[in-house]
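Participant:
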Amino acid sequence: MTINEVAKKSGLTASFISQFERGLTKASIASIQKMAQALGINLSQLFDDDDDSTSQDIRPYPIIVRKSSRKKLSYPSPENTVDYLLTELGSKFEVIYSRVDPGGGSGEPYTHDSDEECIIVIRGKMEINIGGNRYILEEGDAITFCSRIPHGWRNIGSEPAELIWVISPPTF
Numbered sequence: 001m002t003i004n005e006v007a008k009k010s011g012l013t014a015s016f017i018s019q020f021e022r023g024l025t026k027a028s029i030a031s032i033q034k035m036a037q038a039l040g041i042n043l044s045q046l047f048d049d050d051d052d053s054t055s056q057d058i059r060p061y062p063i064i065v066r067k068s069s070r071k072k073l074s075y076p077s078p079e080n081t082v083d084y085l086l087t088e089l090g091s092k093f094e095v096i097y098s099r100v101d102p103g104g105g106s107g108e109p110y111t112h113d114s115d116e117e118c119i120i121v122i123r124g125k126m127e128i129n130i131g132g133n134r135y136i137l138e139e140g141d142a143i144t145f146c147s148r149i150p151h152g153w154r155n156i157g158s159e160p161a162e163l164i165w166v167i168s169p170p171t172f
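According to the UniProt record's numbering, the sequence shown is numbered sequentially starting from 1.
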C-alpha cells in the first residue's frame with residue numbers, strides 16, 4: 001500500500017505519514033491508530049521487528065518478557081513511554097505499562113477494536129475521558145470500559161504517572 005493510499009484511508013496527510021515513517025515527527029496515539037487501521041493491522045505491528053508476528057497459534061508454554069527486551073513506544077517525547085509487557089498474538093489480552101509526564105496524554109479521543117480495556121493507576125493522578133464523561137483516577141484506582149467508545153487520557157497531576165493497561169483482545 002502506498003503512502004497516498006494510507007493517507008486517504010486514514011484521513012491523515014501523506015506528508016505527515018512520510019515524516020512519521022522517517023522519524024522526523026511524532027504522532028498521537030489516535031493518529032498512529034488511524035494508520036494501523038488503514039493498513040488493517042494492530043498498532044503494535046507498526047513497531048514489530050519480528051517477521052513471525054502473524055502467527056495466530058496458541059502457545060502451549062508460558063511467555064516471559066524480560067524488562068530489557070520489552071518493545072517500547074515514546075510519545076510525544078522520550079519522557080512519555082509505553083512498554084509492551086505482554087502482547088503476544090494469539091493471546092486473549094495484552095498488558096502495557098506506561099509512564100506519562102505531567103500534562104502528557106493521548107491527544108484527541110480514539111477508539112480501537114478491542115472489547116474491553118482496564119487502566120490501573122500505579123502512581124499519579126489521571127483524567128480519563130470516556131464517551132465525553134470525565135473521570136479522575138488516583139494511585140490505586142482502576143477503571144474498565146469498552147474500547148470502542150471514544151476515549152482519551154492525560155496526566156493532570158504534578159508528578160509523572162505510571163499506569164498498567166489490560167486490553168482484551170489485544171489490539172495494540
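Heads up, the beta-carbon is just placed ideally off N, CA and C, and yes, glycines get one too.
Kindly indicate the opening and closing residues of the beta strand (DSSP E) around L137.
Facilitator: As a first step, residue 137 is located in the sequence shown; it is residue number 137 there, counting from the start. Its beta strand (DSSP E) spans residues N133 to E138.
Participant: Does the beta-carbon distance from residue 179 to P150 come in below 9 Å?
Facilitator: Lying outside 1 to 172, the shown extent of the chain, residue 179 is not represented and no answer is given.
Participant: Could you tell me whether the region 8-17 touches the region 90-100, using the rule of 3 or more Cβ pairs below 8 Å?
Facilitator: no
Participant: Where does E27 fall in DSSP's three states?
Facilitator: Counting from one through the sequence shown, the residue named residue 27 turns up at place 27. The sequence given here has Ala at residue 27, not Glu. DSSP places A27 in coil when its eight states are reduced to three.
Participant: Taking only three categories from DSSP, how would you classify N80?
Facilitator: On the sequence shown, position 80 is the one that residue 80 refers to. Correct three-state label for N80: coil.
Participant: Taking its Cβ as the centre, do 16 or more other Cβ atoms sit within 10 Å of N4, making it buried, or is it exposed?
Facilitator: Here residue 4 corresponds to residue number 4 of the sequence shown, with the count starting at 1. N4 comes out exposed.
Participant: Is I17 helix, strand or coil by DSSP?
Facilitator: Numbered from its first residue, the sequence shown carries residue 17 at position 17. Three-state DSSP puts I17 in a helix.
Participant: Taking all protein chains shown into account, decide if K67 is buried (16 or more other Cβ within 10 angstroms of its Cβ) or exposed.
Facilitator: Translated into positions along the sequence shown, residue 67 becomes position 67. Counting Cβ neighbours within 10 Å, K67 comes out exposed, since fewer than 16 surround it.
Participant: Check this for me: beta carbons of Q33 and T111, under 9 Å apart or not?
Facilitator: Along the sequence shown, one-based indexing puts residue 33 at 33. Along the sequence shown, one-based indexing puts residue 111 at 111. Yes. Within cutoff.
Participant: Taking buried to mean at least 16 other C-beta atoms within 10 Å of its own C-beta, is S69 buried or exposed?
Facilitator: Position 69 of the sequence shown, counting from 1, holds the residue named residue 69. Per the 10 Å Cβ criterion, exposed.
Participant: By the 10 Å Cβ neighbour count, where 16 or more other Cβ atoms means buried, how is M1 classified, buried or exposed?
Facilitator: Position 1 of the sequence shown, counted from the start, is the residue given in the question as residue 1. Exposed is the call here.
Participant: Could you give the C-beta distance for A36 and E108, rounded to a whole number, given that I count them as a contact under 8 Å?
Facilitator: As a first step, residue 36 must be located in the sequence shown, where it is residue number 36. As a first step, residue 108 must be located in the sequence shown, where it is residue number 108. In this structure A36 does not touch E108 by the C-beta definition: roughly 15 Å separates them, more than the 8 Å allowed.
Participant: Going by C-alpha distance, which of E116, E139 and I122 is nearest I130?
Facilitator: Residue numbering aside, residue 130 sits at position 130 when the sequence shown is read from its first letter. It is E116 whose Cα lies nearest to the Cα of I130.
Participant: Let me check understanding here. Comparing Cα to Cα, which of I136, F20 and R154 lies closest to P102?
Facilitator: Mapped onto the sequence shown, residue 102 falls at position 102. Of the listed residues, the one whose Cα sits closest to P102 is R154.
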